[in-house]
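In this note's numbering, the protein residues as written are 149 to 458.
Yeah, the Cβ is synthetic: ideal placement off N, Cα and C, and Gly gets one too.
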């Protein structure tokens with residue numbers, strides 16, 4: 149959607165102040181009440197015929213083209229692998245707190261399916277689990293050890309995909325999230341990088357992928373010679389010789405990950421496919437206003453992996 153469409157409509161209706169009123173002058177509960185009334189009136193104008201017609205044009209609501217029974221068997225295998233590697237499975241709500249994707253991350257809210265009642269449809273489980281961890285930590289329900297979480301869920305994004313592997317606006321993601329405290333000597337970074345790579349490697353192997361390798365991309369002032377990068381990669385190579393880990397230069401400016409970014413590549417039928425993306429983040433630092441907090445995430449396109457291998 150072009151950025152000026154909203155302004156064009158507002159000017160057309162001579163409602164120059166409406167965005168300011170709705171976004172700044174109404175409380176959250178007042179805005180919810182207005183929107184509930186608006187949508188209640190709009191749905192009253194629909195008919196069964198118009199409902200069907202709009203459904204057929206709306207890419208956001210179409211079912212996924214996937215063999216459900218076969219996929220779910222693979223998903224259960226993945227969850228068993230995750231639990232066996234110490235990643236606690238978490239079943240998330242289908243909606244997240246409004247702002248979960250954009251307040252501490254850099255995602256444009258326009259790419260998220262924003263709902264009413266102060267919520268948005270799940271777009272990234274790593275954001276939601278960061279909030280879960282931060283809330284528990286703030287309430288004193290967690291100690292200072294590292295906590296490993298996992299989730300496999302269907303998420304939805306509203307942006308147009310140019311990747312041919314994305315045939316739907318919603319898809320299933322396998323997420324790994326590690327949250328904890330800095331204990332010095334890059335211990336968190338080394339240990340969690342090893343856990344994330346070892347676990348995702350085992351997941352891909354369970355789907356029959358033969359060739360797997362990882363790229364570590366330095367970010368935010370770090371380079372291939374930085375102690376963080378060198379020590380983390382050396383630690384992984386020492387502990388698991390099956391993992392092929394390379395250091396690659398960033399292709400573009402990164403304003404998302406801190407320290408390093410992780411990409412997982414798989415080779416199927418001679419084609420190299422980026423199947424996962426992750427890295428170090430400062431989200432828990434921001435949520436808890438504590439620079440000692442550490443967080444690493446990893447998101448693997450499990451539905452794409454299934455479709456490519458099955």
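Annotation for residue 440: 329, 330 place their beta carbon closer than 7 Å to its own, counting only its chain and skipping 5 residues before and after.
Residue 178 and residue 204 have their alpha carbons spaced roughly 33 Å apart. Only residues of its own chain outside the window of five on either side were considered, and among them 229 have a CB closer than 6 Å to the CB of residue 350, listed in chain order.
Take residue 371, set aside five residues on each side of it, and the residues of its chain with a beta-carbon closer than 8 Å to its own are 377, in chain order.
Contact between the region 420–436 and the region 377–387 is absent, with fewer than three C-beta pairs closer than 8 Å. The alpha-carbon of residue 250 is positioned some 27 Å away from that of residue 396. Note on residue 353: under 16 other CB atoms within 10 angstroms of its CB, so exposed under the neighbour-count rule.
Here DSSP, grouped into helix, strand and coil, assigns residue 450 to helix. Taking a contact as a CB-CB distance under 8 Å, the pair residue 437 and residue 325 does not count as one, their CB atoms being some 20 Å apart. Here residue 416 is actually not in contact with residue 452; their C-beta atoms are around 11 Å apart, not less than 8 Å. The three-state secondary structure of residue 394, taken from DSSP, is strand.
Going by DSSP, residue 278 is part of the alpha helix (DSSP H) stretching over 273–286. Annotation for residue 399: no alpha helix (DSSP H) segment contains it, and DSSP assigns it neither H nor E. In this structure, residue 282 places its C-beta atom within 8 Å of the C-beta atom of residue 432. Minimum Cα-Cα distance from residue 448 among the listed residues 226, 242, 216, 174 corresponds to 226. Here residue 358 is exposed. Its C-beta has fewer than 16 other C-beta atoms within 10 Å.
Relative to the Cα of residue 392, the nearest Cα in the group 442, 246, 412 belongs to 412. Residue burial annotation: residue 248 is buried, with at least 16 other C-beta atoms found within 10 angstroms of its C-beta. Distance between residue 243 and residue 255, taken at the CA atoms: about 16 Å. About 6 Å separates the CB atoms of residue 367 and residue 408; that is less than 8 Å, so the two are in contact. Shortest Cα-Cα distance from residue 414 to any of 435, 394, 362 involves 362. Across the structure, residue 280 and residue 356 are spaced so that their CA atoms are roughly 33 Å apart. Residue 295 and residue 195 have their C-alpha atoms spaced approximately 50 Å apart. About 4 Å separates the Cβ atoms of residue 347 and residue 233, confirming a contact at the 8 Å cut-off. Scanning the region 331–379 for uninterrupted beta strand (DSSP E) segments of 3 residues or longer gives 359–366, listed from N- to C-terminal end. Straight through space, the alpha carbons of residue 218 and residue 288 are spaced by roughly 41 Å. If you draw a straight line from the Cα of residue 175 to the Cα of residue 298, it comes to about 35 Å. In the three-state scheme derived from DSSP, where H, G and I count as helix and E and B as strand, residue 231 is classed as helix.
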